[in-house]
Structure formats: structure tokens, C-alpha cells
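Note that the protein sequences, when read in sequence, are chains B and A.
Residue 4 is where the first sequence starts when you use the numbering used here, and the numbers rise one by one after that.
Residue 81 is where the second sequence starts when you use the numbering used here, and the numbers rise one by one after that.
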Amino acid sequence: MKQFFDHEREYRRLTRGNLTRREALLRMGAGIGGVGLAAMLGERVQGMESGSPLAPKAPHFAPRAKRLIQLFMPGGPSQVDTFDYKPMLAKHAGERPEMVNRRSLRDTKMGLMPSPFGFKQYGASGKWVSDIFPEVAKCVDEITFVHSMHTDIPEHAGGILMTNIGALQPNRPSLGAWLTYGLGAETRDLPGFVAMSPRAQPRGKLANWGNAFLPGAYAGTYVNIEQMKPDAVIRDLKRAGLDRKAQESQLELLTKLNRLQLERVERDQNLEAAIQAMEMAYRMQASVPGVFDVTRESEETRKLYGDSEYGKGCLIARRLIEEGVRVVQLSLSIDGYDIAWDTGHGDIVGGHAALAKACDQGIAALLKDLKARGLLDETLVVWGGEFGRAPTSEGDKGRDHDHYGYTVWMAGGGVKKGFSYGATDEFGLSAVEDRVHVHDMNATILHLMGLDHEKLTYRYSGRDYRLTDVHGRVVHEVVA
Amino acid sequence: MSSRYDAEKFAKDGENRWLWRMHPRKLEAEAWRDALLAVSGELDGAVGGPPEDDVLASRRRTLYGRISRTGDVFATDAFLRLFDFPAAVSTAEQRVTSTVPQQYLFMLNSPFMTARAAALGEWMSKRPGGVAEKVGEAYWRLYGREVSAAERALAGEWLGNEPGAAQWAGYAQVLLSAHELMQIP
């Protein structure tokens, strides 16, 4: 009972809790409103961050990673066509052994389908990787592959929520929101948590980066990177016909009025969040175009990441974490489809090859670039979808969902290099060895970031909530 | 029950565990947009008729915005989503309340807000009396209360003695963006 309040108490201490009324007023009035404004107008004020819910907070223990980049692959990429090499599929093509006779989303009756893609061995670890990921393949010696992932249901909406918020139902805080709540951010000019995708938002949209019942400051900020115009990545980023000085004076007045109101209503969390959000909006107008402007990178770096939208997203992700953003969630989409990898139902060859091509170079570039800049050691990169796809076929060329076993890989911040953990059965359907549930993965991500998933709680609606609910085992075996 | 602050009760129960006041809440997106149009004198209160694909280009009540059941298709969807209106793709038993910088970018920079601000600013400039009287009327119109001495002083300082249209509009935008308009008392 003692520890579980730690973070909540910290938040309450800053915003309402154990302060006298006078202290609280001072802290809120001066700490958030007034001093915040002074700082955003260019005046440095010592200690202003202490009043902000996004101020950096001490983790529970020494972290292995300070930042997270989540490369989210909505729709369910097939493990046996990407990173979980199963040569037995070719030997038993067309058969339906009892061990793969498990119902997924649909009750398909077809036999085993070998991967249409070739596999080769890479790196010192000799990892087998599919030909559709030739660039990521060159990075296998940086990666820990977790082949024994499993989740609760083989359906996208629920599976995606489980991955990103740790529950099948919405209205739970997202992983990124929990991390920002637990750790704060190391930037005052950008949100602590940025979610991005080219074209479609992943299914569930806001829920994937939402704060739910956590304070509003921990919500992810969504940016659509399709157009890649730094001034237009966020709606209404620029005001036409009003210079910056005029807007500053307007904002100063607004902040003063909001502060007077804050004193009148006393300790309204919404209003505190509003003042913060307003100030951040102002700063974002100056900082966002810069950080999203990839033309500020060298020709060489841009070439490394390639021309794909996702590749540019990877480059922006690196720029964001360099600026102190805590969590970046970059979801793949190549058209308007919100579960991109689900094209695997009808056609693994076309669907998966095109999707892998859209992200392979960018992801590999991100790993190489982070390493070259000395950032990989403290940046955790996690790649994966909400489930995988069955080794049996659905129709002639596709595969149905598979929540019994799939692959997620991790690189950087505190994970082993050139390592594979857990295994599916010989055909790749079910996780059988060292099984890792989504809750276990989330517990492990929090652990690497220096947070104990059992202590990171928030009291809401009469009970203490956690990202991992009442589950979760830290997979210490993947920690370097 | 009002969410109004009471110093004596607050001293006894600052967390509001014993529910001496309503927890402070925010207006929903629809009501807030309607309120912006209402206080600027621009709301078209007509009943019935076809829905509007883009409520930001309309002066009708937000109720008449067209929303999509297959994702954010219409401009109305994007606006509503920004202010926490749940997507109509699945059931939502309750609205979540988010407070994010993009909402303030909307208030600071969007053509919708600047148009409302211009209208309210013009209305204020035409009211009888000096700056103080006009500001006092605006406070009743927007927040249903008397302007405080501190607020009147801030307004006077910001607007000066003979504000032009741009200053009135700028001031009006601040009043429209203030948390108090979005707050349920």
C-alpha cells in the first residue's frame, strides 16, 4: 500500500495534494501560469519545471532506456514470412497437422502454406530473415527477437488496444501515456509523447495514444506525416495575418485571465492542463516546423532513410527523441487502410512485400543512425503488430490472423544484441517455449525504462489501475 | 450543484471527497462550438434541414454536423475529434476529456475562431459606453457574471483608450478562448 501511490502522490503533490492552500496557489499561479509564460517569452526562470506534470520525474530504479520508439505494425504481420523462419512448412505444405488445427478469427480448414519468400542468414548471430526485410536483416546483431509472443484475441480492434493500452476495451491510458506520466518529458517545447503515421491512423485512433483517465498532459499528440510540410503537419499551426509579437501579447492576456479563473475555482485539473496545453501550443508553433523539417538533415542522412513516408517518419522519430520527447509511436500505413498488414488475408506476396518495402530501409536507417549518434544504447526500439498470421493458408495465397504466436523485436536501450528469445512450434502457429504475453512485453518495456509495472498506478473510479492490470512478468532474459 | 469554490469547505475537504461541490467539468465539443457562435451573435438556430459536411464553415448548431461511421471522413469529424467527440465506429459509454496543445492551436489560429472573434469584437466595439462598460457587457454575455476589478484592469491595459477593430477582435478571441467559456460552473 505504501509504494503504489508513489507516482500519484508525486502528481498530487505537484498539483493539489499535500500543500497548504497558499503553497498550492503560488505553485499553480506562479509555477504553471505566470512563470511558464515568462519562460516561453524567452525569460529563463529557474525551477519552473517543478510545477509541471511533464517535468522529468525520477524512475523507480536506474533505467536502461530513456526513450521509446514504437514501430507499430497494425494489421498483423506474418511471423513465418518475416523473422520466424520455419523450413518445416515447405516439407509439410498442404498438410494440416493436429497442432496447427486451431481456430483463429475464421475457422479456416486449409493446409500449411510455405512462405513464398526466400530466407537467408545474416550477421554474426546467423539469424534467418525473410528476403522482404533485406535492410533490417543487416541489423540483426543489434536486435532481440521475441518469437513467443501471444495475445488474447485474433481480432484487430481488440488486439491493437491490447498492444497499445494493455486492455481489450478502450478507456485505458496508452503505453506512451503511462510512460510520460511515470517519467515526464525532457522537452518544454514539444509534447512528451508523439504518435505519427503516414496516411491512415491505426484502428482505434485516439485510444492508441490517449491518456484516458490520466491527466490530459500525458496524452499523445498525433501528427499525420503524409504531406510532410513542416508548417502543416499539425492543423492550425500558423496564424495568418498576425505577427508573433501580437500573438504573444494576446496569449499573455489569456494566461492572466485563466490564472484569475484558476484562483476562483481552485485546483481544477482541467484548467491547469489547459494552461499547460495553451503554452505548449504557442511554443509548438516555433519548434514543430523545425523538428519536423527533415530538409535540415544532411543529404547523406536523408539518403540513408530513403524516400518512403515511413522512412521519413523514422527520421522524424530520431529528431523528436533527440529533442527530449519521451515516446514516439510510428504506425505503418501505405494507403488509407488502418490495419495495413491485414492485406495478408488475401495475398501475402503482394501485401506483405509492399508493406515491408515501405518500412524496411527506414527502420534499418533508424537503428544505424541511432547507433552512430550514440543514442541507441538509451533508446528502446520495439517493432511489431497486434498479432501474427497463421502458417496455414486462407484461400490460396493469404493467411488468417494468429494470436497464438507471433514475433516482436526489440533493439537498443538495455536489450540483448543478436539474440532470440522464445519459440513457436515447428510450423510457427503457437508460442510454445518461454511464452511472452502482451502484458509481459509491456512490463518489460516499463522495466527497461526504469519503472516497476506493479508500482506505476493511478487511482481512478475507486481502484488503482496499471498498464498491465493484474498481469505481467518482466522478461529479464532479454535484458542485457 | 455548482463547482464554485468555497474557501471554508475547501480548507476542510480540498479533495472534494464529501462532494461539497460538483467536480469541475468541461463543455462538450458541440455545446462549446454552439456557445462560440451564440456569444458572437452569429448562431443560426434554424431547426431541421440537411446536415453540414463542415461545421467550421457553417453557423448552424453543431448538432447538424455530418459525421461518418467509417472513420473521419468529413471536416466535421476532424473538428469533433479534436475536442473529444467519440468516433461513431464503435460504442462509447462515456466521453473522455483530453486537453492537448492542438486544441489551443485551433483557438489561436483557426479561421473559425478568428471569424468568431471578429464578430464578437465588432459587437463589443458598438456597444454604448467606454471600454470598461463594453468589457462588462461582454463578461455578462460570455460568462454570465460581473467582470472583476482585476479583469477590468487587464482589459483596460490591453485595449487602451480607443481600440481599433483589430484590437477588439484580438481581445474577443482571448475571451472566447478562455477556459471559463468551456467550463461548466
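Where is the CB? At the ideal position from N, CA and C, for every residue including glycine.
| Item | Value |
| --- | --- |
| For my contact list, Gly425/B and His150/B are in at a C-beta cut-off of 8 Å; report their separation, rounded to the angstrom. | 5 Å |
| Assuming Val352/B and Pro201/B form a contact by the criterion Cβ under 8 Å, report the distance between their Cβ atoms to the nearest whole angstrom. | No, Val352/B and Pro201/B are not in contact; Cβ-Cβ is about 23 Å, not under 8 Å. |
| Using Cβ-Cβ distances below 7 Å, what residues of the region 458–474 of chain B are close to chain A? | none |
| Please report how far the alpha carbon of Gly32/B lies from the alpha carbon of Glu251/B, in whole angstroms. | Here Gly32/B scores only 36 on pLDDT, less than 50, and its place in the model should not be relied on; the value that follows carries that caveat. Rounded to whole angstroms, Gly32/B to Glu251/B spans 19 Å at the Cα level. |
| Classify Lys5/B: buried if its beta carbon has 16 or more other beta carbons within 10 angstroms, exposed otherwise. | Caution applies to Lys5/B, whose pLDDT of 40 falls short of 50 and renders its modelled position unreliable; the model cannot decide the point. |
| Is the beta carbon of Asp350/B closer than 7 Å to that of Ser1/B? | Residue 1/B is absent from the model: chain B starts at 4 and stops at 483. |
| So Asn241/A contacts chain B; which residues on that side make the cut at Cβ distance below 8 Å? | Per Cβ cutoff of 8 Å: no residues; Asn241/A is ~17 Å from chain B at best. |
| What's the gap between the Cα of Trp100/A and the Cα of Met81/A? | 9 Å |
| Less than 7 Å between the beta carbons of Val331/B and Ile72/B, yes or no? | yes |
| In the DSSP assignment, the beta strand (DSSP E) including Trp386/B goes from what residue to what residue? | 382–387 |
| Could you name the residues of the same chain whose beta carbon sits closer than 6 Å to that of Arg16/B, not counting the 5 residues immediately before and after it, in chain order? | Bear in mind that a pLDDT of 45 at Arg16/B, under 50, signals an unreliable position, so the number given afterwards is only what the model happens to contain. Hits under 6 Å: none found. |
| Leaving out five residues before and five after Phe122/B in sequence, what residues of the same chain have Cβ atoms less than 6 Å from its Cβ? | Tyr88, Trp131, Ser133 |
| Just verifying my parser: in three-state terms, what is the DSSP assignment at Glu108/A? | coil |
| If you scan the region 301–329 of chain B from start to end, which runs of the alpha helix (DSSP H) of 4 or more residues do you find wholly inside it? | 302–308, 312–325 |
| Kindly indicate which residue of Gly128/A, Arg139/A, Phe163/A, Met193/A has the alpha-carbon position closest to the one of Val254/A. | Met193/A |
| To which residues of the same chain is Ser81/B closer than 7 Å at the C-beta, ignoring the five residues directly before and after it? | Gly347, Ile351, His355, Gly391, Arg392, Arg402 |
| Closer than 7 Å by C-beta to Leu428/B: which residues in its own chain qualify, once you throw out the five before and the five after it? Chain order, please. | The question names Leu, yet the displayed sequence has Asp at residue 428/B. Met102, Val435. |
| Rounded to whole angstroms, how far is the Cβ of Arg206/B from the Cβ of Ile342/B, which I believe are closer than 8 Å? | 5 Å |
| What are the start and end residues of the beta strand (DSSP E) that includes His479/B? | Careful: His479/B lies outside any beta strand (DSSP E) and carries neither H nor E. |
| Could you tell me the alpha carbon to alpha carbon distance between Ser423/B and Ala140/B, rounded to whole angstroms? | 14 Å |
| Using a Cβ-Cβ cut-off of less than 9 Å, list which residues of the region 233–252 of chain B approach chain A; keep chain order. | Ile237, Arg238, Asp239, Leu240, Lys241, Arg242, Ala243, Gly244, Leu245, Ala249, Gln250, Ser252 |
| Can you tell me where the beta strand (DSSP E) holding Trp131/B begins and where it ends? | 130–133 |
| Confirm, please, whether the CB-CB distance from Phe159/A to Leu136/A is below 7 Å. | yes |
| Restricting to Cα atoms, I'd like to know which of Lys420/B, Leu369/B, Leu171/B is closest to Glu325/B. | Leu369/B |
| Pop quiz: Leu107/A and Met262/A are said to be a contact at Cβ under 8 Å. What is the actual Cβ separation, rounded to whole angstroms? | 5 Å |
| Between the C-alpha atoms of Gly97/B and Phe64/B, what's the straight-line distance to the nearest angstrom? | 51 Å |
| According to the Cβ coordinates, are Met152/B and Val439/B closer than 7 Å? | yes |
| Quick check: the Cα distance between Ser301/B and Ala68/B, rounded to an integer number of angstroms? | 27 Å |
| Looking only at C-alpha atoms, which of Gly250/A, Gly201/A, Gln182/A, Arg221/A sits nearest to Arg238/B? | Gln182/A |
| Just the C-alpha distance for Ala296/A and Val211/A, rounded to the nearest angstrom, thanks. | Here chain A has residues from 81 to 265 only, and residue 296/A is not among them. |
| Going by Cα to Cα distance, which pick from Phe86/B, Ile366/B, Ala160/B is closest to Gln124/B? | Phe86/B |
| Rounded to the nearest angstrom, how far is the Cβ of Trp212/B from that of Gly195/B, given a contact under 8 Å? | Contact doesn't hold; Cβ gap of about 11 Å is too wide. |
| On a Cα-Cα basis, can you pick out the residue from Gly185/B, Val441/B, Pro77/B that is closest to Val477/B? | Val441/B |
| Could you check whether the Cβ of Trp248/A sits closer than 7 Å to any Cβ belonging to chain B? | no |
| The beta strand (DSSP E) that contains Glu436/B, what's its start and end? | 434–436 |
| Which chain B residues sit within Cβ distance under 8 Å of Phe186/A? | Arg238, Asp239 |
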